[in-house]
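Input: a single structure, listed below in structure tokens.
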Amino acid sequence: MEEISSIIKKIKSLNEKINEKNSELEQLKEKKKEIIEKINEIRKEIENLRNLRNDINIKIAEKKKIREELNNKCKEISEKIKELILEKKRLPSLIKEKEEDLINQIKNIDWKQQTNPLSIEEEKRLLQRRNEIEKKLLVYKQIKEINEKINSYRSSYNEFKEKANNIHNEILSLAQESKKYHESMIKSIENLKLIKSELIKIKEKISLLKTEISNLKKEYNENNVKYNKIKEEILEKKIEIIAEETKQILRKRIELAKKAEEKIKNGERLTFDEFAALLSAKE
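With positions in the sequence shown counted from 1, the corresponding number in this note's numbering is that position plus 52.
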């Protein structure tokens with residue numbers, strides 16, 4: 053009885069432990085579910101941040117291309133301006149007089165032609181002189197045209213440069229925005245790593261707990277089998293004892309019945325037990 057009592061206590065203790073471990077297992081499974089949901093949320097967040105960053109980076113690439121085109125135009129214009137400046141520098145070296153002086157000389161020649169009687173030679177000389185002056189004035193005209201072109205190019209250069217600078221500032225602003233999304237994404241990725249690490253630990257705990265529960269159930273079943281076996285053994289012993297007691301009772305009744313028959317033959321008085329044994333034997 054002491055052994056079976058000990059086994060019952062053991063089974064009860066094991067059952068309590070199994071229930072306790074199952075409760076702990078359910079809590080861990082719930083925790084695992086929450087972590088997986090959190091991981092999915094962070095993954096969506098990372099994907100969203102990556103898309104936002106990539107969209108901005110596409111805009112940056114497009115704007116860089118436009119800026120490069122504008123800068124190339126500025127370089128081309130700058131080269132043209134340099135060429136025109138060199139061309140302009142070469143022209144004045146051919147002329148010593150100022151433009152104003154040349155114009156006055158033309159006026160003087162025209163005045164002489166209009167107011168003075170001139171010989172053919174004189175007329176020819178003045179005309180030749182006038183042609184020479186006009187050639188020189190033509191140089192000044194070319195200089196003016198070059199200056200106009202330079203000014204026009206400079207205006208275009210400034211316009212393109214301003215646009216390029218504005219786009220550059222837009223690129224810097226977008227780069228900051230892209231950096232912000234990128235840093236947020238990196239932070240979320242690091243956070244995801246930590247949560248994944250936590251998930252791995254939870255899974256390990258669940259695996260260990262399942263093994264522990266399996267071992268407890270095995271021990272529980274072993275003790276249950278042992279308990280049932282002892283119960284059967286006790287029951288068999290009880291049956292054996294009852295059978296033996298029944299044999300003893302029957303043997304005593306037979307002996308009493310025989311004794312009762314002897315007493316009847318001898319005319320002796322029977323006791324109640326002897327009478328009962330005699331009746332039982334006749335049945």
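Heads up, the beta-carbon is just placed ideally off N, CA and C, and yes, glycines get one too.
Outcome for residue i when other beta-carbon atoms lying within 10 angstroms are tallied against a minimum of 16
i	result
Lys-299	exposed
Asn-275	buried
Phe-324	exposed
Arg-305	buried
Lys-253	exposed
Ala-295	exposed
Ile-172	exposed
Ile-293	exposed
Ala-113	exposed
Leu-154	buried
Asn-321	Per the sequence shown, residue 321 should be read as Arg rather than Asn. So Arg-321 ends up on the exposed side.
Ile-219	buried
Leu-302	exposed
Ile-88	exposed
Ile-202	buried
Lys-188	buried
Minimum C-alpha distance to residue i - residue among the options
i	options	result
Lys-196	Ile-137, Ile-118, Ile-265, Asn-218	Ile-137
Lys-255	Ile-161, Glu-82, Ser-130	Glu-82
Ile-118	Ile-252, Ile-223, Ala-309	Ile-223
Ile-247	Glu-72, Ile-59, Arg-95	Arg-95
Glu-128	Asn-210, Ile-294, Asp-107, Lys-164	Asn-210
Gln-180	Arg-303, Gln-157, Ile-238	Gln-157
Lys-231	Lys-281, Lys-187, Arg-102	Arg-102
Leu-226	Asn-318, Glu-68, Lys-116, Lys-61	Lys-116
Lys-213	Asn-124, Asn-92, Ser-57	Asn-124
Leu-178	Lys-164, Ile-59, His-234	Lys-164
Asn-217	Glu-120, Ile-98, Ile-87, Ser-57	Glu-120
Glu-97	Lys-239, Leu-77, Lys-283, Lys-140	Lys-239
Lys-90	Asn-243, Asn-199, Ile-301	Asn-243
Ile-185	Glu-152, Leu-261, Lys-201	Glu-152
Ser-75	Gln-194, Lys-187, Asn-100, Lys-262	Lys-262
Ile-198	Asn-183, Asn-273, Leu-143	Leu-143
Glu-55	Leu-308, Tyr-279, Ile-291	Tyr-279
Cβ distance (whole Å) where residue i is taken to contact residue j below 8 Å
i	j	result
Ile-258	Ile-70	Their Cβ separation, rounded to whole angstroms, is 16 Å, which puts Ile-258 and Ile-70 out of contact at 8 Å.
Lys-132	Tyr-205	6 Å
Tyr-233	Leu-104	5 Å
Lys-84	Leu-251	7 Å
Ile-282	Ile-59	7 Å
Asn-67	Tyr-272	7 Å
Lys-73	Leu-287	The pair is not a contact, with the Cβ atoms about 33 Å apart (cut-off 8 Å).
Residue i, DSSP secondary structure in three states
i	result
Glu-186	helix
Thr-263	helix
Glu-82	helix
Ser-171	coil
Arg-142	helix
Arg-321	coil
Glu-149	coil
Any chain C beta carbon closer than 8 Å to residue i
i	result
Glu-264	Chain labels in this structure do not include chain C; a single protein chain is all it has.
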